[in-house]
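Residue numbers (the working numbering): 12 to 193.
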């Protein structure tokens, strides 16, 4: 025969069971024995072991990704006068160094350049390894060569450039840049 218990009866049973389990745990905490210290395995090296993401090699930057990054840095260089990052990415490129020299000259003389850069329409590998045809829409350029100088303007528009790259670690460097008929 089944005996039915009320919910109230089960509540009393649960409380009694909880006290029965809690008392030994509380008493164990009152002993004079020192707390046990966990034993940690001794490491075999003095440096921490690398996490899985630290052991991976950095992903190589594709030529297309590099060209887009380099073009953005060129626009930043012209707008700020800070040529250091642009030169680092273009150190063997004579045309790039001439452009950086000109930008530095304008800013040193109190002038400026305002240019929103290129919108890259396409990047296509050419016959020579490391050479890319980059088709762009160039934003208009406004510039002044020196303090108090006359403001000058380039209208911008579509164009094409041959960019030659050389490997540099997991990335690239520009070694030549020239404007070509698009």
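Quick reminder that beta carbons are idealized off the backbone N, C-alpha and C, glycines included.
This structure is a prediction, so every number in the text was calculated from the model and none was measured.
So which of the options has the shortest CA-CA distance to residue i?
i           : options            : result
residue 82  : 135, 174, 118, 192 : 174
residue 172 : 73, 155, 154, 191  : 191
residue 137 : 146, 92, 124       : 146
residue 113 : 89, 167, 126       : 89
residue 176 : 91, 86, 120, 187   : 187
residue 133 : 71, 140, 79, 97    : 79
residue 148 : 104, 87, 167, 189  : 167
residue 162 : 144, 143, 122, 183 : 122
residue 155 : 143, 119, 76, 179  : 119
residue 182 : 129, 105, 91, 101  : 101
residue 185 : 91, 96, 92         : 96
Quick one: grab the DSSP three-state call for residue i.
i           : result
residue 188 : strand
residue 73  : coil
residue 162 : strand
residue 94  : coil
residue 15  : In this prediction, residue 15 has a pLDDT of 41, which is less than 50 and means its spatial position is unreliable; what the coordinates show is noted afterwards. Looking at residue 15 - three-state DSSP - the assignment turns out to be coil, as it is neither helix nor strand.
Starting from residue i, trace the beta strand (DSSP E) both ways and give me its first and last residue.
i           : result
residue 177 : 168–179
Rounded to a whole number of angstroms, what is the C-alpha to C-alpha distance between residue i and residue j?
i           : j           : result
residue 117 : residue 73  : 33 Å
residue 124 : residue 150 : 12 Å
residue 127 : residue 169 : 14 Å
residue 131 : residue 159 : 34 Å
residue 152 : residue 111 : 16 Å
residue 141 : residue 99  : 18 Å
residue 76  : residue 86  : 16 Å
residue 144 : residue 157 : 34 Å
residue 115 : residue 179 : 25 Å
residue 139 : residue 70  : 24 Å
residue 105 : residue 189 : 10 Å
residue 108 : residue 129 : 19 Å
residue 84  : residue 92  : 11 Å
residue 94  : residue 164 : 21 Å
residue 103 : residue 135 : 22 Å
What are the start and end residues of each continuous alpha helix (DSSP H) run of 4 or more residues lying completely inside the stretch 104–149, in chain order?
-> 105–119
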